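Novice: Just dropping this structure here.
Protein chains: 2
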Amino acid sequence: MVKVYKMSSDLQTQQIERTNNATIEDVARHAGVSTATVSRLLNGKGNVAETTAVRIYHAIEQLNYVAHAAARGLARQKNYTIGVIVPDTSTYFLVSLLRGINETLEDTAYSTLIFVTNNPLSIKSGQPLPLGEHNTDGIIVFNRLVNDETLRLLERRGFPVVLLFRQPPANSYLPCINFENYQAAYDLVTHLIHNSGRRRIAFLRGQVSSSDSQLREDAYRQALQDHGLSCDENMIGRGDFRVQTAEQVVQGWLHNGLGMDAIFAADDNMAMGAFNALRQAGKRIPEDVALVGFNDDLPSRYLSPPLTTIHAPAVEVGYTAVSTLMAQIDQRPIPHNIVLGTRLVIRESCGSHKNE
Amino acid sequence: MVKVYKMSSDLQTQQIERTNNATIEDVARHAGVSTATVSRLLNGKGNVAETTAVRIYHAIEQLNYVAHAAARGLARQKNYTIGVIVPDTSTYFLVSLLRGINETLEDTAYSTLIFVTNNPLSIKSGQPLPLGEHNTDGIIVFNRLVNDETLRLLERRGFPVVLLFRQPPANSYLPCINFENYQAAYDLVTHLIHNSGRRRIAFLRGQVSSSDSQLREDAYRQALQDHGLSCDENMIGRGDFRVQTAEQVVQGWLHNGLGMDAIFAADDNMAMGAFNALRQAGKRIPEDVALVGFNDDLPSRYLSPPLTTIHAPAVEVGYTAVSTLMAQIDQRPIPHNIVLGTRLVIRESCGSHKNE
DNA sequence: TAGTACAATGTAAACGCTTACAGTAAACGC
DNA sequence: GCGTTTACTGTAAGCGTTTACATTGTACTA
């Protein structure tokens, strides 16, 4: 990777000198009032005389005052912020999810903080998570990105949590939001068999920790069985919802002459990897190998041929997660388990009539 | 969008009852020591007797104690966290950037908090930003997502800030990181003219607020001029770095019979939109219309034909941004302006010999 | 054995804010 | 003219930590 450093026209570098930043006390002194009055003005609680307000605003400007949100949070025991913990894979899907969350929060006083990680978080000997009661009023957690024990701990502390794409840990009643995986996957595989006449269908799974992947695999196996096809374990590839891994797996299959006539990738990312491996090997899609995915990510329809997949309402998940979290925050009753419907999107990559 | 609510087997909903959460004081009392000792143990400062430590850890477990990071931040004036403010467009590119940031921070005590927005943030009458000194030790800001006045305010307060893909505001010395836009774009357009023999090259721009887009456009214009081609203003389309917008613009062009033989999209997202519009209209790429982008996002090589574009080192930006921010945080001198090199990636969509 | 060093702990003052409570003066009702 | 409201403001106690400083007892030095 080429790296070029260029200094701007004024070549000298410079240090930023730390000033003693103004606090509410400085503002109060400068305006000749007490801190309580400043606080009241800034929070719109109680009334403040017009002339006083002017003096205070003036002081704020003079001193470059910015309220310290953490001190605020400490004092009011409330942050007006929700947290989201997500992996750094499944990009398009995640963006839709985050958009759903942001849009739902748009007209409220809340904002969102996001933490990205691929290693499950846990609280060890009292050390806080990057997102917790200190900076948020509740969190939305993707899959297994916070470990079960920690989730139970948070639940015991009464900290609002919503789980995405998994079941609650044992002995826990944390609310979960899932897609309707099984039926959709079953229908998709059935479509491949019935409408596209495929017999040797391979499956590309995601992480073992993903219940989504597991359910899709279960449905795949059942569909094969129900249609009198045997399931060859060699035709189940271990992926991780990443493009590159999927690409390698399919390259391996091709190299070993696996001879599949269709690939069901557990998500569109992996379908994209498979897509590329097939193309590189000169295979035609869908003539030689049919290809289908799951999620209906934005780019999927732009592939050529466009990808047959299952539409999973990511934005909707964001919306639902926020509603559920808010209910918890406001101490309203919440449903434990929400399942969002999915829908088959037949395009061209599966080699049969398209429906859109 | 179909929405299905299903309650889990136990149908009753339930409220989480808020317990009075344990504080360090509770832990101290429970273990029969002072809060100072607990704090010392948890932070590994000073020494604590083995037996005492055991008692304290036990108390922590008993009480489900979790340290309150905000109180901590207040007391130590340090958060061990950096903030990143990004838009919700340009997805793949952003993911690479965030990965660069995360990877750089991996072995440090720091973690990252992300805020996603499309409306520039500003501090009005002392109200803090979602990311600021209360929860981070410095922030990385994408493009114009924080307004100039606020940036100057932060600079005056001595709060570390690194700007991405823009120049510093007037009267400011905040460090900026940019791509080498002009030369790369110039080379790309030149390639289209010389090697692919195109004459009617259209340009799809991003937001007007984007200096990247502006520079790429400047280079486009200059390249046309330098090769004796006139620039038709109708061939410059207003995009916003989004797939759909680009798709519509190109559809409009096609509908109006603009008759271009090449399209230079200011980023790969828009190239993807153009790609789809062309295909829908039955245009062949590159035979009828050559297509090139900027960024070299992950999916670009998977399009068929694979997209000719300019590789922009997104991961490297993350790395550089973090280093620069850390230097500021540690009060070390920093460079004002860093320009990262870019590189032409000739694939097939431009209709000339490929180099990879 | 007196003196010193050090390990282990406690005390209490920050950190920057909010807010319950109390106080004052002017305006009001009758 | 007196009691009552109302608008405005101040005082001070938290919120949950960290940490400088003080204190104690014990082990070591000479």
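Taken in order, these protein sequences are the chains called A and B.
Just so we're aligned, residue 1 is where the first sequence starts under our numbering, counting upward by one.
Just so we're aligned, residue 1001 is where the second sequence starts under our numbering, counting upward by one.
Where a beta carbon is used, it is the ideal one built from N, C-alpha and C, also for glycine.
Here the structure is a predicted model, which means the values were calculated and not measured.
1) If you reduce the DSSP assignment to three classes, tell me which class residue 35 of chain A lands in.
2) Can you tell me whether DSSP reads residue 1018 of chain B as helix, strand or coil?
3) Three Cβ pairs or more, each shorter than 8 Å: is that satisfied between the region 1084-1099 of chain B and the region 63-76 of chain A?
4) Cβ of residue 68 of chain A less than 8 Å from any chain B Cβ?
5) Name the one or two DSSP bridge partners that residue 41 of chain A has.
6) Would you verify that the beta carbon of residue 1064 of chain B is, or is not, closer than 8 Å to some beta carbon of chain A?
7) Assign residue 1342 of chain B to one of two classes, buried (16 or more other C-beta atoms within 10 Å of its C-beta) or exposed (fewer than that).
8) With three or more beta-carbon pairs closer than 8 Å as the criterion, would you say the region 1280-1295 of chain B touches the region 1304-1314 of chain B?
9) With 16 other CB atoms within 10 Å as the buried threshold, where does residue 338 of chain A fall?
10) Only counting the same chain, and skipping five residues up and downstream in sequence, which positions put a Cβ closer than 8 Å to that of residue 316 of chain A?
11) Using C-beta distances below 8 Å, list every residue in its chain close to residue 1196 of chain B, excluding the 5 sequence neighbours before and after it, in chain order.
12) Quick check on this structure: which residue in B:1193, B:1170, B:1230, B:1246 has the alpha carbon closest to the alpha carbon of residue 1207 of chain B?
13) If we cut at 8 Å on Cβ distances, does residue 14 of chain A have a partner in chain B?
14) Out of B:1179, B:1227, B:1109, B:1181, point me to the one whose CA is closest to residue 1201 of chain B's CA.
15) Consult DSSP for residue 68 of chain A and reduce its assignment to one of helix, strand or coil.
16) Spell out a yes or no on whether the region 1094-1112 of chain B and the region 1321-1335 of chain B are touching, meaning 3 or more CB-CB pairs, one atom from each, closer than 8 Å.
17) Please state if the CB of residue 1264 of chain B and the CB of residue 1303 of chain B are separated by a distance shorter than 8 Å.
18) Can you have a look at residue 59 of chain A and say buried or exposed, based on whether 16 or more other CB atoms are within 10 angstroms of its CB?
19) Closest to residue 1052 of chain B by C-alpha separation, out of B:1113, B:1031, B:1211, B:1129, would be which residue?
20) For a test of the three-state rule: what should DSSP assign to residue 341 of chain A, helix, strand or coil?
21) I want to see whether chain B comes within less than 8 Å of residue 71 of chain A, judged by CB atoms only; does it?
22) In the structure shown, what three-state DSSP assignment does residue 1349 of chain B receive?
23) Inspect the beta-carbon positions of residue 1234 of chain B and residue 1254 of chain B and report whether they are closer than 8 Å.
24) Please report the straight-line C-alpha distance between residue 1209 of chain B and residue 169 of chain A, rounded to a whole angstrom.
25) Going by CA-CA distance only, name the one from A:297, A:301, A:320 that's closest to residue 312 of chain A.
26) Would you say residue 1160 of chain B and residue 1137 of chain B are within 8 Å of each other, going by their C-beta atoms?
27) Between residue 1023 of chain B and the rest of its own chain, which residues show a CB-CB distance below 8 Å, the 5 nearest in sequence each way excluded?
28) In chain order, which beta strand (DSSP E) runs of at least 3 residues are fully inside the region 1200-1235 of chain B?
29) Can you list, in chain order, the residues of its chain with a C-beta nearer than 7 Å to that of residue 1172 of chain B? Leave out the 5 residues immediately preceding and following it.
30) Measure the beta-carbon distance from residue 1266 of chain B to residue 1224 of chain B and round it to whole angstroms, keeping in mind my assumption that it falls under 8 Å.
Specialist: Walking through what the data contain:
1) DSSP places residue 35 of chain A in the helix class (H, G or I) of the three-state scheme.
2) In this prediction, residue 1018 of chain B has a pLDDT of 42, which is less than 50 and means its spatial position is unreliable; nothing more can be read from the coordinates.
3) no
4) yes
5) Partner(s): none; residue 41 of chain A has no beta bridge.
6) yes
7) buried
8) yes
9) It counts as buried.
10) Answer for residue 316 of chain A: 100, 340, listed in chain order.
11) 1262, 1286, 1290, 1350, 1351, 1352
12) B:1246
13) Here the model assigns residue 14 of chain A a pLDDT of 38, short of 50, so the residue's position is not dependable and the matter cannot be decided.
14) Residue B:1227 is the option with its Cα nearest to residue 1201 of chain B.
15) Here residue 68 of chain A sits in coil by DSSP.
16) yes
17) no
18) Looking at its Cβ environment, which holds 16 or more other Cβ atoms inside 10 Å, residue 59 of chain A is buried.
19) B:1031
20) coil
21) yes
22) coil
23) Result no, Cβ atoms of residue 1234 of chain B and residue 1254 of chain B do not sit closer than 8 Å.
24) 47 Å
25) Closest option to residue 312 of chain A, Cα to Cα, is A:297.
26) yes
27) 1065, 1068
28) 1201-1205
29) Excluding sequence neighbours, residue 1172 of chain B sits near 1151, 1152, 1155.
30) The Cβ separation is near 15 Å, so there is no contact.
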